[in-house]
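Before any comments, here is the structure.
Number of protein chains: 2
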Amino acid sequence: MTKLAKYQIIQEEIKKQIQDGAYLVGEKIPAESQLMTTFSVSRHTVRQAISSLVNEGVLEKIQGSGTFVVEQRKIQAAMGKKSKTIGVITTYLSDYIFPSIIRGIEEELRENGYSLLLASTQNDTEKERESIEMMLRQQVDGLIIEPTRSSFFNPNLSYYLQLKLNQIPFVYLHTAYPEMDAPVVAMDDEAGTELATKHLLDLGHREIAIVSKVDDIQGRNRLKGYFKAFEEAGDFVSSDHVLTYETRTTDGLRSEIMQLLTAENPPTAFVAYNDQVALMIEEAANERGLLIPDDLSLVSHDASGMRLNHNGKAPTSIVHPQEQMGKDAARVLMNAIEQTGTKSDSIIYEPRLIIQETTKKFGQ
Amino acid sequence: MTKLAKYQIIQEEIKKQIQDGAYLVGEKIPAESQLMTTFSVSRHTVRQAISSLVNEGVLEKIQGSGTFVVEQRKIQAAMGKKSKTIGVITTYLSDYIFPSIIRGIEEELRENGYSLLLASTQNDTEKERESIEMMLRQQVDGLIIEPTRSSFFNPNLSYYLQLKLNQIPFVYLHTAYPEMDAPVVAMDDEAGTELATKHLLDLGHREIAIVSKVDDIQGRNRLKGYFKAFEEAGDFVSSDHVLTYETRTTDGLRSEIMQLLTAENPPTAFVAYNDQVALMIEEAANERGLLIPDDLSLVSHDASGMRLNHNGKAPTSIVHPQEQMGKDAARVLMNAIEQTGTKSDSIIYEPRLIIQETTKKFGQ
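Note that the protein sequences, when read in sequence, are chains A and B.
Numbering follows the working numbering, with no gaps: position 302 of the first sequence is 306.
Numbering follows the working numbering, with no gaps: position 123 of the second sequence is 127.
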């Protein structure tokens, strides 16, 4: 934006008056109608200015009472000075590969004098909304966001537009919301599964099943890579061999895998969405008396360090950069905040397969 | 594919034997195990060959009885000769702009000696599966497909892979399944809604609501254009002003629009997903005693020729090429069948806005 919008001029004017002492800390500011007269603007413009000041943390709305000037410390932070705080919103925090990713983010930020505010969505858009609101109140300089249920329309997009208009940069982790552009730091998920599937085809497997998530775009891209590998090989896919699930439907998944293993045309190999799913496949195989990799080969994603439960083998897997991804996301965001980067700082990692102990030539 | 896969060689061999009279029409072909011995191939390869011949219409599986050679006419068609028949699978057939699109397809095909097989999915993936199976049995030379609930993962993707491997080209209408590449003939939906929203912003409207579908990618792209127009204008979006619906949730939509019209901060303008939604908005406005365009401006999509119910006005709208789109899709498909086109023949139409009677300067 080259020039300030009308609401932004009002917004700056109100801030100046607070700084000049016209409105004191804890004091109620005049009603909308009075501000409309004072500044000769529409109700819409007044509302935008106030809403923006609330998000900056300068004002606070108290239901049924009015709008108040908040404490001095916050105002100071909001007056042009950077808070040197970054918000990180991921789907999960303490499980699986998330601690490593967050450690990467934290290390990189700390070295550069930023502190870190954390929140998780549990892949629920309502929790995501609360997290963004909290981050806005804390006046973060920027956000690293892992999209929540990215396959579906996100009802919180107006908040992301607000971040853009308030010039609070944000960077996506793992995938982007298709409706809202911003830099993304992610794996090439399509190429990853293509590589995983091709590995199994090269080992002579033909009946290769996939178990993938479909409420995030990562999972849908992984399915695309799976189909692509078969297309390249000129080989068909049985529709029974494509098992999909959502965050809320993991419960039935293990029994679906069990059923598939005793079907007429059972798979001799599996591609798993991640190591957690790989363990589920192993559980089901174990219950059916099938050994990995002797009876069933298995390629996973993430190389999280997990091993199979029953024979302790390390899964053949597509590698996830984890800590490196966290560091890179932090760097892309700091570039955007300090405006040292180019417009798109996206980073997409080429997939790499590590062949470990869960894959074997078909029929051997 | 430069060389034939093993199953394709078997497939051609079986066809040749049928042509040579080794297997007669109506006769049962040998069991899988026998074919495995005859051709020295795996059960998997035999199954692929048979499944492919069933899809070509050469063989027919009868549950509990075996696999039979079907009638001569069909075999003739399947023996290399083109059927000169095209399949068209759209979400709807007889309503709205679909008759015009289909007329465009039909005219273009007829001029080129092709006939047309039609099916509709009612935006239901189960019906889509039945339609594709039917089309495969009828040995179409190619398919024009409007994706079903394209925002979600489509469980029928293995059929589309099968089309590719059997070298039956297909062309997408309106949008593509993200997991399966093929040429697409579509509007630039994002640019369209950006144009529609910008028109309202230029008229001085600020509280602009959108009502969009989210179970197809078209609707999600239209939402992207809406957010983009606001971003360009440096203006916020109230999250209440984004109303979304799916094919199965249209029932509650009219009352949601009604509620929005009496909210604290009611919109002064609407962007409608299409003319059917525009009529719904007008119904709600009428019930609230609001006049279009005096109290409420309205931009729609498709320019279907529909007029408002209560005052007969023609909606300001993004134009849909309808018949032209049908003709173009048919041409792209015929190019693919006759292999005269380049690899990607996609056509994306630049949006055009026609300003008619439902938009007006804000406050005038």
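Cβ coordinates follow ideal geometry from the N, Cα and C atoms, glycine included.
6 Å CB neighbourhood of residue i in its chain, flanking five on each side removed
i	result
Leu199 (chain B)	Pro355 and Leu357
Val188 (chain B)	Tyr176, Ala180 and Ser350
Gly108 (chain A)	Glu327, Gly330 and Lys331
Leu161 (chain B)	Glu183 and Met184
Tyr163 (chain A)	Ile136
Glu64 (chain A)	Phe72 and Val74
Asn59 (chain B)	Leu140
Outcome for residue i when other beta-carbon atoms lying within 10 angstroms are tallied against a minimum of 16
i	result
Thr363 (chain A)	buried
Ser155 (chain B)	buried
Ile149 (chain A)	buried
Met5 (chain A)	Note that Met5 (chain A) has pLDDT 39, beneath the 50 cutoff, so the model's placement of it is unreliable and the number below is only indicative. Exposed, because fewer than 16 other Cβ atoms sit within 10 Å of the Cβ of Met5 (chain A).
Lys228 (chain B)	buried
Gly30 (chain B)	exposed
Ala340 (chain B)	buried
Asp193 (chain A)	buried
Lys168 (chain B)	buried
Ile105 (chain A)	buried
Arg47 (chain B)	exposed
Gly61 (chain A)	buried
Gln23 (chain A)	exposed
Ala333 (chain A)	buried
For residue i, the nearest candidate out of the options (CA to CA)
i	options	result
Gln171 (chain B)	B:Gln263, B:Gly146 and B:Asn315	B:Gly146
Arg226 (chain A)	A:Thr248, A:Tyr96, A:Gly61 and A:Ile101	A:Thr248
Pro151 (chain B)	B:Ser135, B:Leu63 and B:Tyr27	B:Ser135
Gln222 (chain B)	B:Ala213, B:Leu300 and B:Ala195	B:Ala195
Pro297 (chain B)	B:His305, B:Val281 and B:Gly316	B:Gly316
Lys4 (chain B)	B:Ile54, B:Val45, B:Ser44 and B:Met40	Look at the range of chain B in this structure, 5 to 368, and you will see that residue 4 (chain B) is not part of it.
Met338 (chain B)	B:Gly117, B:Met184, B:Tyr353 and B:Ser259	B:Gly117
Leu207 (chain B)	B:Leu39, B:Ser304, B:Gln368 and B:Pro173	B:Gln368
Anticipated Cβ contact below 8 Å, residue i with residue j, distance rounded
i	j	result
Ala233 (chain B)	Thr253 (chain B)	Ala233 (chain B) to Thr253 (chain B), Cβ: 25 Å. No contact.
Tyr27 (chain A)	Gln52 (chain A)	Actually they are not in contact, since the Cβ atoms of Tyr27 (chain A) and Gln52 (chain A) sit about 19 Å apart, beyond 8 Å.
Met262 (chain B)	Ala282 (chain B)	Actually they are not in contact, since the Cβ atoms of Met262 (chain B) and Ala282 (chain B) sit about 15 Å apart, beyond 8 Å.
Thr251 (chain B)	Arg153 (chain B)	7 Å
Phe240 (chain A)	Leu165 (chain B)	7 Å
Ala9 (chain A)	Gly238 (chain B)	5 Å
Ser56 (chain B)	Gln21 (chain B)	Wrong, their Cβ atoms sit about 15 Å apart, outside the cutoff.
Ser301 (chain B)	His209 (chain B)	6 Å
Cβ of residue i within 8 Å of any chain B Cβ
i	result
Ala9 (chain A)	yes
Leu207 (chain A)	no
Arg224 (chain A)	yes
Asp239 (chain A)	yes
Pro151 (chain A)	no
Leu169 (chain A)	yes
Glu17 (chain A)	no
Glu60 (chain A)	no
Pro355 (chain A)	no
Glu235 (chain A)	yes
Arg141 (chain A)	no
Gln268 (chain A)	A quick correction: the sequence has Glu, not Gln, at residue 268 (chain A). By this cut-off, Glu268 (chain A) is not an interface position.
Glu134 (chain A)	no
Own chain, CB closer than 8 Å to residue i, minus 5 neighbours either side, in chain order
i	result
Ser119 (chain B)	Lys88, Thr89, Ile90 and Leu113
Val211 (chain B)	Correcting the residue type first, residue 211 (chain B) is Glu in the shown sequence and not Val. Cβ neighbours of Glu211 (chain B) beyond the five flanking positions: Ser242, His245, Asn269, Pro270, Pro271, Thr272 and Ala273.
Gln290 (chain A)	What sits at residue 290 (chain A) in the sequence shown is Asn, not Gln. These residues qualify, in order along the chain: Asn313 and His314.
Glu17 (chain A)	Phe43
Ala307 (chain A)	Asp279, Pro319, Ser321, Ile322, Val323, His324 and Ile358
Val336 (chain A)	Val175, Pro187, Val189, Gly345, Asp349, Ser350 and Ile351
Interface flag, residue i vs chain A, CB-CB below 8 Å
i	result
Phe174 (chain B)	no
Pro182 (chain B)	yes
Val281 (chain B)	no
Thr248 (chain B)	yes
His48 (chain B)	yes
Glu130 (chain B)	no
Val218 (chain B)	yes
Lys228 (chain B)	yes
Gln52 (chain B)	yes
Ser44 (chain B)	no
Arg77 (chain B)	Caution applies to Arg77 (chain B), whose pLDDT of 47 falls short of 50 and renders its modelled position unreliable; the value that the coordinates give is listed next. No, Arg77 (chain B) does not count as interfacial toward chain A.
Phe274 (chain B)	no
Own chain residues within Cβ distance below 7 Å of residue i, not counting five before or after
i	result
Ala267 (chain B)	Asp244
Ala213 (chain A)	His245, Leu247, Leu264, Pro271 and Phe274
Ser216 (chain B)	Gly223, Arg226, Leu227, Thr248 and Tyr277
Arg258 (chain B)	Met284, Glu287 and Ala288
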